[in-house]
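Contents: one structure, followed by commentary.
Number of protein chains: 2
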Amino acid sequence: MIGSATEHATFVIEWRFTVAPAKVFSSWSSAEAKKRWFSCDDAMVATEFSLDFRPGGREVNRVSIPGGEVHMFQGVYLDIVADRRIIYAYDMHLGDKRISASLATVVFEAEGSGTKMVFTEQIAFLDGYNDRAERIRGTEVGLDKLVLSLQEVNTPPQ
Amino acid sequence: MIGSATEHATFVIEWRFTVAPAKVFSSWSSAEAKKRWFSCDDAMVATEFSLDFRPGGREVNRVSIPGGEVHMFQGVYLDIVADRRIIYAYDMHLGDKRISASLATVVFEAEGSGTKMVFTEQIAFLDGYNDRAERIRGTEVGLDKLVLSLQEVNTPPQ
Chain S
2 MIGSATEHAT FVIEWRFTVA PAKVFSSWSS AEAKKRWFSC DDAMVATEFS LDFRPGGREV
62 NRVSIPGGEV HMFQGVYLDI VADRRIIYAY DMHLGDKRIS ASLATVVFEA EGSGTKMVFT
122 EQIAFLDGYN DRAERIRGTE VGLDKLVLSL QEVNTPPQ
Chain L
2 MIGSATEHAT FVIEWRFTVA PAKVFSSWSS AEAKKRWFSC DDAMVATEFS LDFRPGGREV
62 NRVSIPGGEV HMFQGVYLDI VADRRIIYAY DMHLGDKRIS ASLATVVFEA EGSGTKMVFT
122 EQIAFLDGYN DRAERIRGTE VGLDKLVLSL QEVNTPPQ
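These protein sequences, in sequence, are chains S and L.
For this note's numbering, add 1 to where a residue sits in the first sequence, where the first one is 1.
For this note's numbering, add 1 to where a residue sits in the second sequence, where the first one is 1.
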């Protein structure tokens with residue numbers, strides 16, 4: 002039934018980085034850094050981005066595909082432990098429809114001189130918009146861009 | 002490790018009411034009604050309550066047990082479909098510790114002249130404070146009080 006149908010799911014993605022937890026954490030905490038990697042498709046054009054990185058603070062990330070629909074991420078931070086953990090809730094909009102609400106937990110652990118990052122998303126898909134595989138793919142594409150953005154930071158200027 | 006340890010869990014509670022979905026929904030949407038039932042223990046004394054019931058709106062519910070610690074619920078609404086669905090994220094504090102972050106989905110469905118309400122909580126327990134059984138018990142006690150508050154509403158004045 003449109004209006005109340007809801008399906009719950011969870012997925013976990015583990016990622017490893019060669020840089021220390023503080024460096025990976027800063028890709029999430031800095032608005033400038035996050036803007037560089039936090040979208041799941043290079044064809045998307047960012048039309049709004051704001052990040053207030055503190056418990057209770059909000060984030061808005063609106064992108065559009067030329068000729069296509071607007072995607073909007075609307076988040077609120079629930080828990081932040083510097084260099085170690087970030088928990089936020091968000092809802093995702095496609096055009097004027099809210100298609101999901103989620104709780105995302107990102108944990109950063111030192112592993113040698115690098116970092117293991119564990120991303121856990123607990124989702125409520127709304128009104129038939131269940132696309133767990135696509136959500137995982139989009140998240141992985143975003144995290145690939147996070148890796149690239151860290152490599153840029155690590156590359157000494159030529 | 003204190004500072005990043007997180008355990009994820011989910012639980013679902015189904016409840017049936019003899020009144021229609023709109024009536025049950027109003028126990029959540031009205032600050033006055035919610036204040037009557039939304040605490041998990043009669044020994045608790047409410048010291049702060051505020052409810053801004055709209056997507057993006059916040060709720061704060063602070064209670065203390067005489068001689069004991071302060072419990073604080075801090076919520077934000079992500080999705081509201083009148084009489085049908087409410088989704089909110091919240092974090093729970095015990096004293097000055099944040100012990101969990103959750104996504105709660107409440108779905109109301111007509112069943113004959115009554116209502117089936119399905120409450121799903123997806124939780125991240127923080128820093129070893131995992132007490133899924135206690136969270137379920139507390140939620141059930143609150144929902145028992147919701148049932149009682151609806152019976153009061155349904156009882157004609159003497």
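A virtual CB, placed ideally from N, CA and C, is assigned to each residue, including glycine.
Terminal residues of the beta strand (DSSP E) in which E60 (chain S) lies: 59-65
Cβ contact (3+ pairs, closer than 8 angstroms) linking the stretch 77-90 of chain L and the stretch 89-101 of chain S: yes
Below-8 angstroms beta-carbon distance, R133 (chain S) vs any chain L residue: no
Proximity test, A105 (chain S) beta-carbon vs the ligand PLP heavy atom, cut-off 7 angstroms: The model depicted lacks the ligand PLP and carries no ligand whatsoever.
8 angstroms Cβ cutoff met for V148 (chain S) and F18 (chain S): yes
Pair within 8 angstroms by beta-carbon distance, V25 (chain L) and M45 (chain L): no
Residue range of the alpha helix (DSSP H) that includes S30 (chain S): 22-30
V77 (chain L) at chain S interface by Cβ criterion, 8 angstroms: yes
Assigned exposure category for K98 (chain L) - 16 Cβ within 10 Å defines buried: exposed
Per-residue contacts from D53 (chain L) into chain S (C-beta, under 7 angstroms): By Cβ distance, chain S contributes nothing, its closest Cβ being about 13 angstroms from D53 (chain L), past 7 angstroms.
Nearest residue (CA-CA) to A10 (chain L), options L:D128, L:E135, L:Y130, L:E122: L:E122
With 16 other Cβ atoms within 10 Å as the buried cut-off, status of S103 (chain S): buried
Beta bridge counterpart(s) of W16 (chain S) as assigned by DSSP: S:M118
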